[in-house]
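Asks: A single structure is presented below for examination.
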Amino acid sequence: MILAIMTLAVSARARSSVAFREVMTTYHAGTGEDVKRTIDGWEASPKGWSVEPQFEQAQTAIFVAAEPIEADLLNLTMFFMSGRPNASFAYFSISYTTDAQPGFQSEWHDLPMFNFGATTSNLRRGPGNRLIADEVSYIVTGKIPDNMIWISARTQRKAITGFRIQVYPVVRNEGLLRGPAMSWSRDRDFVLTEFRVEVVSTTTNVALGAPVTATHPLYFEFEKMTADALTDGWPSTIAHPSEDVTGKGFHFEIDLGTERAFDHLTLRQRGDTFNLDRFGKMRICIYQQDPKEGAAPTWQVLNRPDGSYPAQGEADILRASNGEGVFHGRYLRISTENPVPLSPMLAEVEVYETRTARLVSLKADDRPLGVGSELRIPPGALRLAFQWEIPQSGKPYDRLYRWKVAGVNHDWQTSDSLLLEIPCPPAGEFQVEIQAAHSDGTWDASVLRLPFTVSARFTQTAAFLWLIGGVTLLIGVLVSRYFARRKIARLEAKSALSAERSRIARNMHDDVGARLAQLAVLQDVFAREHSMAPAAKSDLAALTAHTREAMVSLDEAVWTVNPRNDTLSSLAAFLMQHADHYLTPLGIACRLDGPNTWPDVPLRAGIRHEVALAFKEALQNIVKHSAASEVELTLRHEAGRFIIRVADNGCGFPEKTGGPGEDGLINMRQRLESIGGTCAWLPRENGGTLVEMKLPLS
Amino acid sequence: MNPSTIPIVLIEDNEPYARALEKFFNLPGSAIDCRAIYGSSEQALVEIPKNPPAVALVDINLPGQNGMECIAQLKELYPQLVCLVLTMYEEDHLIFDALRAGACGYLLKRTPPAEIADAIQVARDGGSPMSPHIARQVVGFFHRSPPPKPDHSLTAREQQVLDLLIDGKAYKEIAHDLGVSIDTVRTHVRKVYDKLHIHSRTEIILKFGKKGR
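Same order as they appear, the protein sequences are chains W and C. With the working numbering, letter number 79 in the first sequence gets 79, and the count goes up by one each step, no holes. With the working numbering, letter number 8 in the second sequence gets 1008, and the count goes up by one each step, no holes.
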């Protein structure tokens, strides 16, 4: 019954199988490949390790681990699933080694068995850590009695490199089968089909296996108590002084071997009901330096000063705040102020050092992110993967830590994987909190809190809304330009025209222009405030550029309709300004030649507009097709005509027909002709081109 | 605030644009510290004396007194204050008037804010940008209206610098052509501005002062 419960408890735990590198035997039947089947991961196979016909003497198999195994609780399982009835060990022992190269000559230690059992045989302890299976002579169930032997072992976190199975011959008493045998099967042989070792847990109790000394002799009844019962991991072994010792001056001392930051300290009461009152009034002192050399304690407490005690098998958990001083050190002394004889008495002292998780890496949808001072999640991430590390020794068996994201999870979630994958929360500021587990089921007092920011998607931001608003505005501008022109056409003959144009120009500039300017600035603010994917960044930059282009278009539209500009000097200024603004940023030097003052000649908006458009086209042609590095702009007012000469040092104009830019040339000519002017282009001596536009001023 | 940041104010009646610019200037790591936004010339003239900034960005088109007059009065009160025109309008006569009023440069609202920040630093450090067509107008102005005192007229060297500017040459090229350092070119330009200001400040106040009231 007890066995069944244990089996259930064990199988509920998350375990990891140990990989074996090699199997060595003193003898094996069949081939080396057959023997390797014992470590191939498959429980059942027709062959494995068997020893026929060597039944006269003990046989040994050594299993060499691929990596040293450090665990406090191991589960070993031997499968005998060849289909041959009762072909399992009759009499055997298991030992382990920590030698770097396990072999027959290594130093082997008895495996400290915590529990054991088998499915189709009755196992009991024999002398010298051996196990004996009761003799079976016939099959009663009708099922094939394939056996499975399991052993649970406490190994106190020693670095185990190999296991040794020794199988001893037995002598059968039954009729025809009388004689030496290695199993209780009819053919006397066993077939070990799989040897499996699983790490059930690695304690976070750093006192496990630590040396313990006592100042005075310990109690002696059938067998002398030993002080290391306090750190052997067995709650069933206890230690207390002998009757000759009167409390004062007696203490246990535990040396942890290295200085530790304590999270908590567990004092375990004995598991039976005898004299539980020896537990009360225990004084625990922690020392950083060796107290044998007179060091003062760094932390101490008088536990249960009222003489009370925990119930059988229960434990007291002490944390930093229970005592005074710094909860940190290497040596522990346990003494008593209890008048009850044979105090202090304990089953176990466990020390759990502070465990705090650390972030090793963070990925958003498989894209690694920096884990520096500030965690920023790019917009649009779907999943976050936090890779943690808990640098302290030990590994609780079923859960490594608990975590929550403040603002997302109300309750703690537990996890047994150091890789934590969560759905990415929506844009905002969050904090992931993580608290490491201890192997005794408690949570470490320290909590790692990591704030992180999930950036907004571009479409979730204020700037995006502004962009949408901006586009709407632009459409508004275009529509208003259209209506403005129609309105102008209607008012052409009226004296109100000038005032109306002025008003429209002013309004467009003040309202629409300022909005566009604001939009462009906010886009720049946004680009600096948020880290963005390169694609989003360049898209935003393009949008900002478009916004500024819209402002230029608006400027030109306003310039056109504003009656204040209905003069030749205004047109000349516009052309020079435009040439300078357009060409200089493109790396094309722009030399301007024109008079400082212009005669006061009125010029209709329509004429100005056509000239401006033709002029812009001329410059565009240069930029697109000429590869020029320099442009000379000459403006003249000669003989009642306005003359514009645009000369470049580029590669010349295209042939008369076809060729790039021809449409542009035709357009320029048509524009000038529509207002009574001319447009001509001539090759220059330096290979460049001269465009000459002439406009009669009436 | 970082002590090396440049304290500035905006004199701008379009609040959304001004707030956007303020936000940009006050981003972390900015070299500009935007202290205040004044919606009118009158407000600026009351508030600035309480805590004068190093640089003022002034819009031309303000309710009440316009930007030109605002600059003229501010320069009267604080000759050290650097005024830059920040305008929607690229209209020569307005810009030129602003320069005459005492501005030492002008910026268009469509200029990217990072460039505005650069221009503020250049202006604070004594730089005076002058484009070819502004140079042209400066020369035209001195031709049209001879200065009241001889030492307010342009020197031969200043005239030379302006001529080269009109030809579209950059400061560096001018420095090379004249065999002087680029700083000397800047100094000449600055002096031209100074003369322009002295020459025309009273005129500006008379010209625009009447309008706003």
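Quick reminder that beta carbons are idealized off the backbone N, C-alpha and C, glycines included.
For Ser-82/W, verify whether its CB is less than 6 Å away from any heavy atom of the ligand FAD.
Replies: Here there are no bound small molecules, and the ligand FAD is not part of this structure.
Asks: Residues of chain W with CB under 9 Å from Val-1055/C, in chain order?
Replies: Within the second sequence, residue 1055/C is the residue found at index 55, counting from 1. Result: empty, since nearest Cβ-Cβ is about 17 Å, beyond 9 Å.
Asks: Assuming Gly-606/W is part of the alpha helix (DSSP H), what are its boundary residues?
Replies: Here the question's residue 606/W lines up with position 606 in the first sequence. That run of the alpha helix (DSSP H) goes 605-621.
Asks: Taking 8 Å as the threshold, find out whether the region 311-328 of chain W comes into contact with the region 255-269 of chain W through three or more Cβ pairs.
Replies: A contact exists between the region 311-328 of chain W and the region 255-269 of chain W.
Asks: What distance in whole Å lies between the Cβ atoms of Trp-466/W and Ile-434/W, which are believed to be in contact at a cut-off of 8 Å?
Replies: As a first step, residue 434/W is located in the first sequence; it is residue number 434 there, counting from the start. As a first step, residue 466/W is located in the first sequence; it is residue number 466 there, counting from the start. That belief does not hold up - the Cβ atoms of Ile-434/W and Trp-466/W are roughly 39 Å apart, past 8 Å.
Asks: Where does Tyr-482/W land, buried or exposed, given buried means 16+ other C-beta within 10 angstroms?
Replies: The residue labelled residue 482/W in the question sits at position 482 within the first sequence. That one is exposed.
Asks: Helix, strand or coil for Met-345/W, going by three-state DSSP, please let me know.
Replies: For the purposes of this step, residue 345/W is identified with residue 345 of the first sequence, where counting begins at 1. Note: Met-345/W maps to coil in three-state DSSP.
Asks: To the nearest angstrom, report how far apart Gly-1212/C and Val-1009/C are at their CA atoms.
Replies: Numbered from 1 along the second sequence, position 212 holds the residue referred to as residue 1212/C. Numbered from 1 along the second sequence, position 9 holds the residue referred to as residue 1009/C. Low confidence applies here, because Gly-1212/C scores a pLDDT of 37, under 50, leaving its location unreliable and the question unanswered by this model.
Asks: With a CB to CB cut of under 8 Å and the five nearest residues on each side skipped, what residues in its chain are close to Glu-1022/C?
Replies: Looking up residue 1022/C in the second sequence gives position 22. Leu-1010, Cys-1034 and Ile-1037.
Asks: Near Gln-413/W, what residues of its chain come up, given a Cβ to Cβ distance below 7 Å and the 5 sequence neighbours on each side ignored?
Replies: The sequence position of residue 413/W within the first sequence is 413, counting from 1. Here the set comprises Arg-402, Trp-403 and Lys-404.
Asks: Assuming Cys-1034/C is part of the beta strand (DSSP E), what are its boundary residues?
Replies: Here the question's residue 1034/C lines up with position 34 in the second sequence. That run of the beta strand (DSSP E) goes 1032-1038.
Asks: Counting along the chain, where does the beta strand (DSSP E) carrying Leu-1108/C start and finish?
Replies: Here residue 1108/C is taken as the residue at index 108 of the second sequence, counted from 1. Counting along the chain, the beta strand (DSSP E) containing Leu-1108/C begins and ends at 1106-1108.
Asks: Let me know the secondary structure DSSP gives Lys-1050/C once reduced to three states.
Replies: By 1-based counting over the second sequence, the position of residue 1050/C is 50. Helix at Lys-1050/C.
Asks: Give a yes or no on whether 7 Å exceeds the smallest Cβ distance from Thr-597/W to chain C.
Replies: As a working note, residue 597/W is residue 597 in the first sequence. Closer than 7 Å to some Cβ of chain C, the Cβ of Thr-597/W qualifies, so yes.
Asks: I need the DSSP call for Tyr-482/W, collapsed to helix, strand or coil.
Replies: Translated into positions along the first sequence, residue 482/W becomes position 482. Here Tyr-482/W sits in helix by DSSP.
Asks: To the nearest whole angstrom, what separates the beta carbons of Tyr-1171/C and Val-1185/C, a pair I think is in contact under 8 Å?
Replies: Residue numbering aside, residue 1171/C sits at position 171 when the second sequence is read from its first letter. Residue numbering aside, residue 1185/C sits at position 185 when the second sequence is read from its first letter. Contact holds; Cβ gap of about 5 Å.
Asks: Report back the beta-carbon spacing between Ala-579/W and Trp-598/W to the nearest angstrom; my notes put them in contact at under 8 Å.
Replies: Numbered from 1 along the first sequence, position 579 holds the residue referred to as residue 579/W. Numbered from 1 along the first sequence, position 598 holds the residue referred to as residue 598/W. That belief does not hold up - the Cβ atoms of Ala-579/W and Trp-598/W are roughly 16 Å apart, past 8 Å.
Asks: Hey, how far is the Cα of Leu-256/W from the Cα of Tyr-352/W?
Replies: If you number the first sequence from 1, residue 256/W lands on position 256. If you number the first sequence from 1, residue 352/W lands on position 352. If I take the Cα positions, the gap works out to 11 Å.
Asks: For Cys-679/W, I'd like the list of residues in its chain whose CB is within less than 6 Å of its CB, leaving aside the five on either flank, ordered along the chain.
Replies: As a first step, residue 679/W must be located in the first sequence, where it is residue number 679. Answer for Cys-679/W: Met-668, Arg-669, Leu-672 and Met-693, listed in chain order.
Asks: When you compare each of Ala-1117/C, Ala-1103/C, Lys-1050/C and Gly-1064/C to Ala-1072/C by their alpha carbons, which one comes out closest?
Replies: The residue given as residue 1072/C occupies position 72 in the second sequence. Considering only alpha carbons, the answer is Ala-1103/C.
Asks: In the region 1074-1104 of chain C, which residues sit with their C-beta less than 9 Å from some C-beta in chain W, listed in chain order?
Replies: Answer set for the region 1074-1104 of chain C: Met-1088, Tyr-1089, Glu-1090, Glu-1091, Asp-1092 and His-1093.
Asks: Give me whichever residues DSSP pairs with Ser-335/W in a beta bridge.
Replies: Start at 1 with the first residue of the first sequence, and residue 335/W comes out as number 335. Looking at the DSSP assignment, Ser-335/W forms a beta bridge with Arg-283/W.
Asks: Residues in the same chain with beta-carbon distance under 7 Å from Val-601/W, minus the five sequence neighbours each way, listed in chain order, please.
Replies: Along the first sequence, one-based indexing puts residue 601/W at 601. Contacts found: Thr-567, Leu-568 and Leu-697.
Asks: Output the boundary residues of the alpha helix (DSSP H) element that contains Tyr-1017/C.
Replies: As a first step, residue 1017/C is located in the second sequence; it is residue number 17 there, counting from the start. That run of the alpha helix (DSSP H) goes 1015-1025.
Asks: State buried or exposed for Lys-656/W, treating a residue as buried only when at least 16 other CB atoms are found within 10 Å of its CB.
Replies: Within the first sequence, residue 656/W is the residue found at index 656, counting from 1. Residue confidence for Lys-656/W is low, a pLDDT of 49 falling below 50, so the modelled location carries little weight and cannot support an answer.
Asks: At a Cβ threshold of 7 Å, is Lys-656/W touching chain C?
Replies: As a working note, residue 656/W is residue 656 in the first sequence. Legend: pLDDT at Lys-656/W = 49, less than 50; position of this residue unreliable, no value from coordinates given.
Asks: Do Phe-252/W and Val-212/W have their C-beta atoms closer together than 7 Å?
Replies: Looking up residue 252/W in the first sequence gives position 252. Looking up residue 212/W in the first sequence gives position 212. Yes. Within cutoff.
Asks: Do Trp-184/W and Ala-90/W have their C-beta atoms closer together than 7 Å?
Replies: Taking the first residue of the first sequence as 1, we reach residue 184/W at position 184. Taking the first residue of the first sequence as 1, we reach residue 90/W at position 90. Taking 7 Å as the Cβ cut-off, Trp-184/W and Ala-90/W qualify as a contacting pair.
Asks: Between the C-alpha atoms of Leu-1062/C and Ser-1041/C, what's the straight-line distance to the nearest angstrom?
Replies: Within the second sequence, numbered from 1, the residue matching residue 1062/C stands at position 62. Within the second sequence, numbered from 1, the residue matching residue 1041/C stands at position 41. So the two alpha carbons sit approximately 7 Å from each other.
Asks: Take the Cβ of Leu-682/W as the centre, count every other Cβ of all protein chains shown within 10 Å, and call the residue buried at 16 or more, exposed below.
Replies: Within the first sequence, the letter at position 682 stands for residue 682/W. Result: exposed.
Asks: Report the rounded CA-to-CA distance for Ala-1188/C versus Phe-1096/C, giving the unit in angstroms.
Replies: Stepping through the second sequence from its first residue, residue 1188/C is reached at position 188. Stepping through the second sequence from its first residue, residue 1096/C is reached at position 96. According to the sequence shown, residue 1188/C is His rather than Ala. His-1188/C and Phe-1096/C: Cα-Cα distance of roughly 18 Å.
Asks: How would you call Ile-5/W, buried or exposed, if buried means at least 16 neighbouring beta carbons within 10 angstroms?
Replies: Here residue 5/W is taken as the residue at index 5 of the first sequence, counted from 1. Note on Ile-5/W: pLDDT 31, under 50, position unreliable in the model; the coordinate value appears next. Looking at its Cβ environment, which holds fewer than 16 other Cβ atoms inside 10 Å, Ile-5/W is exposed.
Asks: If we count the other Cβ atoms within 10 Å of its Cβ and call it buried at 16 or more, is Ser-570/W buried or exposed?
Replies: Counted from its first residue, the first sequence places residue 570/W at position 570. Flag for Ser-570/W reads buried.
Asks: Taking C-beta to C-beta, are Leu-230/W and Val-371/W nearer than 7 Å?
Replies: Numbered from its first residue, the first sequence carries residue 230/W at position 230. Numbered from its first residue, the first sequence carries residue 371/W at position 371. Against a cut-off of 7 Å, the Cβ pair of Val-371/W and Leu-230/W comes out as no contact.
Asks: Is the CB-CB distance between Thr-155/W and Ala-65/W below 7 Å?
Replies: Taking the first sequence and counting its residues from 1, one reaches residue 155/W at position 155. Taking the first sequence and counting its residues from 1, one reaches residue 65/W at position 65. Cβ distance not < 7 Å, so Thr-155/W and Ala-65/W don't count as in contact.
Asks: Looking at the structure shown, is Met-225/W part of a helix, part of a strand, or coil, going by DSSP?
Replies: Position 225 of the first sequence holds residue 225/W. Residue state, collapsed to three classes: coil.
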